[in-house]
Amino acid sequence: MITQMVLGVFVTACCLWIGALALREHRAVLAQRRGLLDEAAKLFSDARVVVAPDQFPALVTRLDRHQEVKIELIADTMVFRRLPQLWLIVTLSKTDGLQRPVIGALARPTGAEYYSLVHELPEWMMPPEIGTSLLMRGDGQATPSQVENVSAVFTRLFADPTVKEAVVTPGGARLIRQAAQGDRGMHLLLRQTRFLLASIPPDLVSRAISEALVLSAALTESTFTTSDHIAA
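Take 11 as the starting number for the sequence shown in my numbering and just add one per residue.
Next up, the structure:
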């Protein structure tokens, strides 16, 4: 009887200890998530960072009085037999009064890209040949010359296999790049989604913004750079 009581106390203590360790580790993971864009925020003089319910941050800043950029992070675990992906999403919003059609392309589509804008577009379009599968769609409002201009930009962008989606929108552009892959061991053994990086590299953020600007400018007379808007 006494042995059973001692064993019961020991098992209870072990369960409490394991639970406390798991809770502490979970809190540390969430804290690490919240800081993923802290280094990137230092690039800008007026960056605002908010935290989504999943504890991934989003950064919003203005490039100038006509352009705002939003930087988001989305964890994608939907594709079977593939490591979880952390996507960096850059959305450029412009208030220049120009009218643009919607043209987008999605690399290596599976149908599980719940974050994709391309899947929502009504018109299938012939994608450029880039050596990998590419789904290209639009809203049916683009002229042949506009399609040609945007396709040329897509050809350059998707030469990089870490680019997942690129879309020209009436309000600017949207670009999705791979930021990280999930830790293989944690995913295979425990089915946990964990990204082993302390922060998103600022260079990656700057590059994605520059690419979104080039994409947005594909249907206008002007081109833009971020150099005047990034804090020294």
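Ideal Cβ placement from N, Cα and C applies to all residues, glycine included.
CA-CA distance, residue i and residue j?
{"i": "N159", "j": "L229", "result": "7 angstroms"}
{"i": "R37", "j": "L214", "result": "Annotation note: pLDDT 47 at R37 (below 50); position unreliable, coordinate value reported separately. Looking at the two C-alpha atoms, the distance is approximately 27 angstroms."}
{"i": "V79", "j": "T172", "result": "20 angstroms"}
{"i": "S161", "j": "P137", "result": "7 angstroms"}
{"i": "A32", "j": "Q42", "result": "Below a pLDDT of 50, predicted positions are generally treated as unreliable, and A32, at 42, falls in that range; the measurement from the model is reported next regardless. Distance between the alpha carbons of A32 and Q42 is about 15 angstroms."}
{"i": "L225", "j": "V128", "result": "15 angstroms"}
{"i": "L207", "j": "A190", "result": "8 angstroms"}
{"i": "R118", "j": "F66", "result": "25 angstroms"}
{"i": "T120", "j": "M88", "result": "10 angstroms"}
{"i": "G141", "j": "R147", "result": "18 angstroms"}
{"i": "A227", "j": "Q151", "result": "17 angstroms"}
{"i": "T233", "j": "D64", "result": "Confidence at T233 is low in this model, with a pLDDT of 40, below 50, so the placement of that residue should be treated as unreliable; the coordinate-derived value is given next. Looking at the two C-alpha atoms, the distance is approximately 36 angstroms."}
{"i": "T153", "j": "V178", "result": "14 angstroms"}
{"i": "L185", "j": "K104", "result": "15 angstroms"}
{"i": "Q188", "j": "L96", "result": "6 angstroms"}
Need the endpoints of the beta strand (DSSP E) that residue i sits in, please.
{"i": "L206", "result": "Where L206 is concerned, there is no enclosing beta strand (DSSP E), given that its DSSP letter is neither H nor E."}
{"i": "L167", "result": "Per DSSP, L167 belongs to no beta strand (DSSP E); it is in the alpha helix (DSSP H), P154 to L167."}
{"i": "A227", "result": "Element bounds for A227: n/a, residue is neither H nor E."}
{"i": "G148", "result": "L144 to G148"}
For residue i, count neighbouring Cβ atoms within 10 angstroms of its own Cβ and tell me buried if that reaches 16, exposed if not.
{"i": "K174", "result": "buried"}
{"i": "E139", "result": "exposed"}
{"i": "L243", "result": "What is shown of the chain runs 11 to 242, which leaves residue 243 out entirely."}
{"i": "D86", "result": "buried"}
{"i": "E130", "result": "exposed"}
{"i": "R110", "result": "buried"}
{"i": "L144", "result": "buried"}
{"i": "Q77", "result": "buried"}
{"i": "S126", "result": "buried"}
{"i": "V60", "result": "exposed"}
{"i": "T101", "result": "buried"}
{"i": "K245", "result": "The question about residue 245 has no answer here: the residues shown for the chain are numbered 11 through 242."}
{"i": "P94", "result": "buried"}
{"i": "A62", "result": "exposed"}
{"i": "W134", "result": "exposed"}
{"i": "A50", "result": "buried"}
{"i": "A169", "result": "exposed"}
{"i": "L46", "result": "buried"}
{"i": "S75", "result": "Here residue 75 is Arg; the residue named in the question, Ser, does not match the sequence. R75 should be labelled exposed."}
Between which two residues does the alpha helix (DSSP H) harbouring residue i extend?
{"i": "D48", "result": "D48 to A51"}
Under a CB-based cut-off of 7 angstroms, is residue i close to chain B?
{"i": "E123", "result": "No chain B appears in the structure shown, which is made up of a single protein chain."}
Give me whichever residues DSSP pairs with residue i in a beta bridge.
{"i": "A183", "result": "L102 and V178"}
{"i": "A190", "result": "L96"}
{"i": "L274", "result": "In the structure as shown, the chain begins at 11 and stops at 242. Residue 274 is therefore absent and cannot be evaluated."}
Under 6 angstroms: does the beta carbon of residue i sit that close to some heavy atom of the ligand MG?
{"i": "V178", "result": "For the ligand MG, the structure offers nothing, since it holds no ligand at all."}
Subject >> Within the region 58–142, ranges of the beta strand (DSSP E) (whole runs, at least 3 residues) >> reply: 58–61, 67–74, 77–86, 95–104, 113–117 and 133–135
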